[in-house]
Amino acid sequence: MKKLIVLLPVLLAAGCTSTSTLDLAQNQDWTGLAERDVSLQLPKRSDKSLAELGAADMDSKEVYLTSYESSKEQFCDPSRAFKMGFMGERYDGFCDDRNDGWIFYQNWNIGRGSSQMDHFPF
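Residue numbers (mature numbering (1 follows the signal peptide of the UniProt record, and there is no 0)): -25 to -1, 1 to 97.
Following this line, the structure appears as structure tokens:
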């Protein structure tokens, strides 16, 4: 019984690992790969990179590209930037190429500053 109690947290932790790029590629989950890339603020993958992962046909590449743009549109919504900054999430200029990218950065920066206000004694 004690062994089970000791092993249970290890087994639970192993079940909570995130899906890797290779897992998504092996499962031909191009939408999942695009969403993962955006969540990690990675640039869009090239045709060559997608082909190396197994997206050999144009349909697979199109699914990835469409999903990437859709996910980036949601990620770069300025209304979520404040919370990102407040929660201490990093921002690497991923949305700067958007028309409202400066608003996203400004909201993220305000959120980041607000979260640090708790550290000042009054």
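Glycine residues also receive a C-beta, built at the ideal position from the N, C-alpha and C atoms.
Computed from a predicted model, the values in this text were never measured in an experiment.
Cβ-Cβ separation, residue j to residue i (assumed contact under 8 angstroms), whole Å
i   : j   : result
V13 : F50 : 5 angstroms
G76 : C70 : 4 angstroms
Residue i versus residue j: straight-line alpha-carbon distance, rounded
i     : j     : result
W83   : S(-6) : 27 angstroms
A31   : L25   : 7 angstroms
F79   : R55   : 8 angstroms
A(-1) : D67   : 25 angstroms
S42   : G86   : 28 angstroms
L8    : S35   : 11 angstroms
N74   : Q81   : 13 angstroms
T6    : Q16   : 15 angstroms
V38   : G88   : 38 angstroms
S46   : L28   : 20 angstroms
P18   : G60   : 21 angstroms
S90   : D72   : 26 angstroms
Residue burial classification, residue i (beta-carbon count within 10 angstroms, cutoff 16)
i   : result
E44 : exposed
E10 : buried
R20 : buried
K23 : exposed
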